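Participant:
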Amino acid sequence: MTALYENAVDVLSTWTATSGDAELARKRTLDLLADGPVAMTRAHRAGHVTASALIIGTDGRILLCLHGRLGLWMQLGGHCEAGDETLAAAAFREATEESGIPGLVLDPTPIDIDVHEVRCGAADGAPAEPSVHYDVRFLLHAPAGSVERISAESAELAWFDAGALPSPLASGTVRQIAPALSRLS
Numbered sequence: 000m001t002a003l004y005e006n007a008v009d010v011l012s013t014w015t016a017t018s019g020d021a022e023l024a025r026k027r028t029l030d031l032l033a034d035g036p037v038a039m040t041r042a043h044r045a046g047h048v049t050a051s052a053l054i055i056g057t058d059g060r061i062l063l064c065l066h067g068r069l070g071l072w073m074q075l076g077g078h079c080e081a082g083d084e085t086l087a088a089a090a091f092r093e094a095t096e097e098s099g100i101p102g103l104v105l106d107p108t109p110i111d112i113d114v115h116e117v118r119c120g121a122a123d124g125a126p127a128e129p130s131v132h133y134d135v136r137f138l139l140h141a142p143a144g145s146v147e148r149i150s151a152e153s154a155e156l157a158w159f160d161a162g163a164l165p166s167p168l169a170s171g172t173v174r175q176i177a178p179a180l181s182r183l184s
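The structure is reproduced here in structure tokens:
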């Protein structure tokens, strides 16, 4: 996790936030990272860095998942793993696993960071406990003709127009759409 930790510190130290909320979350995440590489893992119960991605199709529609446990529509993503060398790679891995879409193209610059309370289990399968996710969010471009495949973590996957998002929507989901769409032009 050392390489991933170093990447997180570097990315978040140099990234220009896309909103005031994202800037506050960036600073809070850097404060968390002062605890060292453990802040990248579920073992750090006070909170840990996660990575997610908003997938956008060639038609500008957004792929969201209905999270199986939370019952909320959101971008795809999750916990960093030992083999992840960068935050962007972690987001790419998670989104590819959860969407089943081959050929996704990663934009390696974050589009948002969101800090939110969660209940998640430790990596050893311990029961879910209160924690905080410091979620660094990226943009992935889906190739034309992409067909999604539901994973075990999602109850449903669906494409939505930015102006017609589903409900209930996870907090912070809307905030990442404008920065993502601005990169399409």
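Counting from 0, one number per residue, gives the positions in the sequence shown under numbering that gives the first Met the number 0.
Even for Gly, the Cβ is constructed at its ideal location relative to N, Cα and C.
Computed from a prediction, not measured in an experiment: that's the story for all the values here.
Take residue 154 and list the residues in its own chain whose beta-carbon comes closer than 6 Å to its own, dropping the five residues that flank it on each side.
Facilitator: Taking the sequence shown and counting its residues from 1, one reaches residue 154 at position 155. 65 and 67.
Participant: Count the other CB atoms within 10 Å of the CB of residue 25; is the residue buried (16 or more) or exposed (fewer)?
Facilitator: On the sequence shown, position 26 is the one that residue 25 refers to. Counting Cβ neighbours within 10 Å, residue 25 comes out buried, since at least 16 surround it.
Participant: Exposed or buried, which one is residue 49 when buried takes at least 16 other CB atoms within 10 Å?
Facilitator: Working through the sequence shown from its first residue, we reach residue 49 at position 50. Residue 49 is buried by the Cβ-count criterion.
Participant: Would you say residue 46 reaches chain D, if we count a Cβ-Cβ gap shorter than 8 Å as a contact?
Facilitator: Judged by its chain identifiers, the structure shown contains no chain D, having just a single protein chain.
Participant: In this structure, how does DSSP classify residue 110 when only helix, strand and coil are distinguished?
Facilitator: For this step, residue 110 is matched to residue 111 along the sequence shown. Correct three-state label for residue 110: strand.
Participant: Less than 8 Å between the C-beta atoms of residue 103 and residue 141, yes or no?
Facilitator: Stepping through the sequence shown from its first residue, residue 103 is reached at position 104. Stepping through the sequence shown from its first residue, residue 141 is reached at position 142. For residue 103 and residue 141, yes; Cβs fall inside 8 Å.
Participant: Among 54, 99, 2 and 36, which residue has its Cα nearest to the Cα of residue 151?
Facilitator: Taking the sequence shown and counting its residues from 1, one reaches residue 151 at position 152. That would be 99, whose Cα lies nearest to the Cα of residue 151.
Participant: Taking the beta strand (DSSP E) that residue 130 falls in, what are its first and last residues?
Facilitator: Residue 130 sits at position 131 when you count from the first residue of the sequence shown. It spans 128-140 - the beta strand (DSSP E) in which residue 130 sits, taken as one unbroken run.
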